[in-house]
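Protein chains: 2
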Amino acid sequence: MPLHERIRSDFEGRILGGELAPGDRLPIEQELMQEYGCSRMTVNKALSALVAAGLIDRRKRAGTFVARPKVHSMVLDVPDIAAQVRERGQDYAFRPLKRRVRPPGEDEEEVLLAGGGALVHIDGLHLVDGAPLGVEFRLVSALAVPEIVGADLDAVPPGTWLLQHVPWTEAETRISAVAALGEEAEWLGVAAGTPCLCVERRTWRGAERITYVRQLFLGDAYDMVARFGPGASGR
Amino acid sequence: MPLHERIRSDFEGRILGGELAPGDRLPIEQELMQEYGCSRMTVNKALSALVAAGLIDRRKRAGTFVARPKVHSMVLDVPDIAAQVRERGQDYAFRPLKRRVRPPGEDEEEVLLAGGGALVHIDGLHLVDGAPLGVEFRLVSALAVPEIVGADLDAVPPGTWLLQHVPWTEAETRISAVAALGEEAEWLGVAAGTPCLCVERRTWRGAERITYVRQLFLGDAYDMVARFGPGASGR
DNA sequence: TCAAATTTAATGTATAGACAAAAAATCGAA
DNA sequence: TTCGATTTTTTGTCTATACATTAAATTTGA
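Heads up: the protein sequence lines correspond to chains R and U, in order. Note that the first sequence covers residues 1003 to 1237 in my numbering. Note that the second sequence covers residues 1003 to 1237 in my numbering.
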């Protein structure tokens, strides 16, 4: 293990273990150079990594301090549905329900997404061992992703297809709980009013909007997990 | 803006903007030194930051390449309920319902959390303008957080109190959709079966378990937002 | 011809030193 | 005393250089 990495994980451990509490001061770089018998650049590299991970704050002339935890952000593992299902030895499939190319409606969301072009509208079902796990309603900008108009989406879920064809994205995900109603409840094969986890996601490439998707998952069959801690700060 | 930061954000922009696609090769450090008229250490620092952000991969002898996006993790903003509510100009309050110190039950979760000691069990309501937003059921290890036994939790929600008193944490959050039932529906003042967002969180300090909490929020009044993109990678 | 040994191109780590920048601490004067 | 200027401490950035490490590319040998 490289020295800078050892210094970094040394302090990471002491901070996460509680030995160093928020507000505590760390030794100055000169002292750490002596303690570890290395150059200042090496110490600095280790401490810079801890700053990037949000574990410490550094102020010129004042020193280095353990940061007060700001737990308003965590790393959310967005599950790859297909992979997760197959991991449990079950069978995953995506069944397209409707697909059409149409102009945007009056909704501002749709107008912004279309950006003057058309929208590709895809509805589909996520199936586990043939039973519905979730339903998805997706809009894709035909201007931003022209290839999708002729693409074969029967095998691959559109989310996976997009990930493989659109170079890079920003995304915003909104998670809430709703009751399945009407057509959605019907497709899912449950009674109207059944609680579902609702995931809405908007995706951009730079300033250009790529897709909007609203997914409804059966509450008792699907959940999301987020972590905060060493595992999360590592990347 | 420091030079290494400029180089970093230069390439961040080109990658996120799609100009550099996944798999594309970046110039080698020597070329970048010339391009930016700086030393290798400066170029290296910039590229190392991009590696840490997951935007590029580097292989010795082979070079530097734009990483293929692995969108299985996003930054989840865990809302500070009180702050968020007050931001909208509404009134926030936490009302404790039950509080007792008791030995763990037979449930493995409770036994592990107690770690041989007792559990502090707190139930309470999150109120917005006097109306229930969510109900919370919390267990705290009395061994890990002895101060909580005598603490005054009438004003402050226990989650906030813990954040201020327990030095640092790892946490795991599980999000799902459930129907409010029985006592929970009653406290929330809704019909049994109403969809709620269920947030379960387990918190550690090192190997020691601190708390377990299960929160039920009314689905139509509460949601969570996660981001992926430059804003997220920036910290 | 194919596999093993060698070369080489690229990144990874580290050093020692220099100057810049910020802010706490100290000192001086009104 | 108190405000303002000066000093000092600590981090921030950068350079030039050295050697280590890895894996792709090439050469060598049976």
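Note that beta-carbon positions come from the ideal geometry of N, C-alpha and C, so glycine has one too.
Determine whether the Cβ of Arg1211 (chain R) lies closer than 8 Å to any Cβ atom of chain U. No, Arg1211 (chain R) lies away from the interface with chain U (no Cβ there is under 8 Å from its Cβ).
Taking beta-carbon pairs under 7 Å, can you tell me which members of the segment 1141-1158 of chain U lie near chain R? Listed in sequence order: no entries.
Verify whether the separation of the beta carbon atoms of Val1227 (chain U) and Thr1175 (chain R) is less than 8 Å. Contact: yes.
Should the segment 1093-1109 of chain U be regarded as contacting the segment 1120-1132 of chain U, the criterion being three or more beta carbon pairs within less than 8 Å? Touching, yes.
When the Cα atoms are used, what is the spatial distance from Ala1144 (chain R) to Asp1156 (chain U)? Their backbone Cα atoms lie some 55 Å apart in a straight line.
Per-residue burial, Pro1159 (chain R) [other beta carbons within 10 Å of its own, 16 or more giving buried]: Flag for Pro1159 (chain R) reads buried.
Excluding the 5 residues flanking Val1180 (chain R) on each side, which residues of the same chain have their C-beta closer than 8 Å to its C-beta? If the five residues before and after Val1180 (chain R) are omitted, its C-beta is found closer than 8 Å to the C-beta atoms of Pro1197, Cys1198, Cys1200 and Leu1218, all from its own chain and listed in chain order.
Using a cut-off of 9 Å between C-beta atoms, extract the partners of Glu1089 (chain U) located in chain R. The contacting residues do not exist; Glu1089 (chain U) stays about 13 Å from chain R at best.
Distance cutoff 8 Å, beta carbons only. Does Met1226 (chain U) sit that close to anything in chain R? At a cut-off of 8 Å between beta carbons, Met1226 (chain U) contacts chain R.
With DSSP collapsed to three states, give me the class of Arg1008 (chain U). Collapsing the DSSP output to three states places Arg1008 (chain U) in a helix.
Please report the distance separating the alpha-carbon of Thr1205 (chain U) from that of Arg1211 (chain U). Distance between the alpha carbons of Thr1205 (chain U) and Arg1211 (chain U) is about 6 Å.
Which residue spans inside the segment 1032-1087 of chain R form an unbroken alpha helix (DSSP H) run of at least 4? For the segment 1032-1087 of chain R, whole alpha helix (DSSP H) runs of length 4 or above, ordered along the chain, are 1042-1054.
Taking all protein chains shown into account, decide if Ser1041 (chain U) is buried (16 or more other Cβ within 10 angstroms of its Cβ) or exposed. Within 10 angstroms of the beta-carbon of Ser1041 (chain U) lie fewer than 16 other beta-carbons, which makes it exposed.
State buried or exposed for Lys1047 (chain U), treating a residue as buried only when at least 16 other CB atoms are found within 10 Å of its CB. Buried, since its Cβ has 16 or more Cβ neighbours within 10 Å.
Secondary structure at Arg1016 (chain U), three-state DSSP: helix, strand or coil? Here Arg1016 (chain U) sits in helix by DSSP.
Can you have a look at Leu1022 (chain R) and say buried or exposed, based on whether 16 or more other CB atoms are within 10 angstroms of its CB? Burial check for Leu1022 (chain R): the Cβ neighbour count within 10 Å reaches 16 or more, so the residue is buried.
Distance between Pro1105 (chain U) and Gly1119 (chain U) (C-alpha atoms, nearest Å): Straight through space, the alpha carbons of Pro1105 (chain U) and Gly1119 (chain U) are spaced by roughly 7 Å.
Between R:Gly1195, R:Arg1061 and R:Arg1027, which has its C-alpha nearest Leu1220 (chain R)'s C-alpha? Looking at the Cα atoms, R:Gly1195 is the closest of the given residues.
Could you check what DSSP says for Gln1092 (chain R) in three-state terms: helix, strand or coil? DSSP places Gln1092 (chain R) in coil when its eight states are reduced to three.
CA-CA distance, Leu1127 (chain R) and Ile1058 (chain U)? Their Cα atoms are separated by approximately 34 Å.
Reduced DSSP secondary structure (H/G/I, E/B, other) of Glu1202 (chain U): Strand.
Within-8 Å CB hit, Gly1221 (chain U) to chain R: It does; some Cβ of chain R falls within 8 Å.
What residue from R:Arg1229, R:Glu1185 and R:Val1215 has the CA that sits closest to Ile1177 (chain U)'s CA? Answer by Cα proximity: R:Arg1229.
Counting only C-beta atoms, is Val1180 (chain R) closer than 8 Å to chain U at any point? For Val1180 (chain R), the answer is yes, since a Cβ of chain U falls inside 8 Å of its Cβ.
Determine which residues share a DSSP beta bridge with Asp1125 (chain R) and list them. Under DSSP, Asp1125 (chain R) shares a beta bridge with R:Lys1100 and R:Phe1139.
Tyr1224 (chain R) versus R:Lys1062, R:Gln1036 and R:Ile1083, residue with shortest Cα-Cα distance: The shortest C-alpha separation from Tyr1224 (chain R) is found at R:Ile1083.
Can you confirm whether Leu1135 (chain U), when its beta carbon is compared against all beta carbons of chain R, has any partner nearer than 8 Å? Not closer than 8 Å to any Cβ of chain R, the Cβ of Leu1135 (chain U) fails to qualify, so no.
Would Leu1164 (chain U) pass as a contact of Asp1125 (chain U) if the rule is Cβ separation under 8 Å? No, the Cβ-Cβ distance between Leu1164 (chain U) and Asp1125 (chain U) is not below 8 Å.
Where does Ala1116 (chain R) fall in DSSP's three states? Note: Ala1116 (chain R) maps to helix in three-state DSSP.
Does the beta-carbon of Gly1236 (chain R) have 16 or more other beta-carbons within 10 angstroms, so that it is buried, or is it exposed? Below a pLDDT of 50, predicted positions are generally treated as unreliable, and Gly1236 (chain R), at 32, falls in that range; no measurement from the model is reported.
Taking a cut of 7 Å between CB atoms, which residues from the segment 1106-1126 of chain R lie near chain U? Those would be none; no residue qualifies.
Please list, in chain order, all residues of the same chain as Val1168 (chain R) whose beta carbon is under 7 Å from its beta carbon, the five residues on each side excluded. Correct list, in chain order: Val1147, Arg1207 and Ile1212.
Got a sec: is the Cβ-Cβ distance from Gly1184 (chain U) to anything in chain R below 8 Å? No, Gly1184 (chain U) does not count as interfacial toward chain R.
Closest to His1123 (chain U) by C-alpha separation, out of U:Phe1139, U:Leu1005, U:Ala1209 and U:Asp1026, would be which residue? Nearest option by C-alpha distance: U:Phe1139.
Closest by CA to Val1045 (chain U), which one among U:Thr1066, U:Asp1026 and U:Ala1193? Checked all of U:Thr1066, U:Asp1026 and U:Ala1193; the closest Cα to Val1045 (chain U) is U:Thr1066.
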